[in-house]
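With positions in the sequence shown counted from 1, the corresponding number in my numbering is that position plus 434. Here is the structure we will look at.
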Amino acid sequence: MGELARQVQERLRDRLVVARPELDWEVEYHVAGTPVDVVGRSADGGTTALVELEWRRADPADNAAKLFRHLADGRMPDRVVVAHVFTGYYDLARGGVSSKRQNAEFVGRVAADTFERLTYRPVDLAVDPPKRGGGLPGDWAEAVDAAAAEIGDEV
């Protein structure tokens with residue numbers, strides 16, 4: 435993950451610390467060897483929030499599917515909320531979203547339907563990730579704050 439995506443991860447974490455201070459938030463937490471961009475865990479282990487940031491990934495369903503597989507293997511707290519955050523990279527010029535995002539959301543919905551203690555929520559991040567050498571758009575922080583508020587409401 436590049437430096438710009440790391441800035442977004444850290445801002446998400448910082449905003450979630452404020453929105454949901456009862457959870458301990460950190461970036462790059464590993465669940466059974468799979469890195470998760472931002473994770474919040476309650477002290478009693480009852481609630482875990484997993485925030486997976488899809489910046490420009492060719493297969494956004496992959497990491498989410500790995501997480502759900504690990505949860506199916508019995509590594510699941512009492513309550514798990516997965517927020518799958520998609521940048522504008524997955525938006526289509528003609529409207530709607532790419533089939534890659536649709537597939538990722540399908541995997542998330544099926545997992546949530548399968549596991550009673552799992553909630554899945556796709557979240558829009560109104561940022562078009564820059565190509566190599568570019569910078570974040572001027573309104574990136576506000577977009578991250580809006581996504582964090584939506585995630586906080588779900589948790």
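Even glycine gets a Cβ: it sits at the ideal position worked out from N, Cα and C. Just so it is clear, the structure is predicted and the values come from calculations on it, not from any experiment.
query	result
Can the beta-carbon of residue 554 be found closer than 8 Å to that of residue 560?	no
To the nearest whole angstrom, what separates the beta carbons of residue 498 and residue 457, a pair I think is in contact under 8 Å?	About 20 Å separates the two Cβ atoms, so there is no contact after all.
Using CA coordinates, which residue listed in 536, 527, 548 and 436 is at the minimum distance from residue 462?	436
Do you know how far the Cα of residue 556 is from the Cα of residue 584?	10 Å
Are the stretch 567-579 and the stretch 493-508 touching by the rule of at least three beta carbon pairs closer than 8 Å?	no
Quick one: what does DSSP say residue 520 is sitting in, helix, strand or coil?	strand
Going along the chain, which unbroken runs of the beta strand (DSSP E) with 3 or more residues stay wholly within the stretch 435-504?	457-465, 468-476 and 481-488
From residue 476 to residue 512, what does the alpha carbon distance come to, in whole angstroms?	11 Å
Pick out the complete alpha helix (DSSP H) segments inside the stretch 507-586, 4 residues or longer, and give them in chain order.	533-548
Around the C-beta of residue 520, are 16 or more other C-beta atoms found within 10 angstroms, so that it is buried, or is it exposed?	buried
Grab me the residues of residue 543's own chain with a C-beta within less than 7 Å of its C-beta, minus the 5 sequence neighbours each way, in chain order.	554
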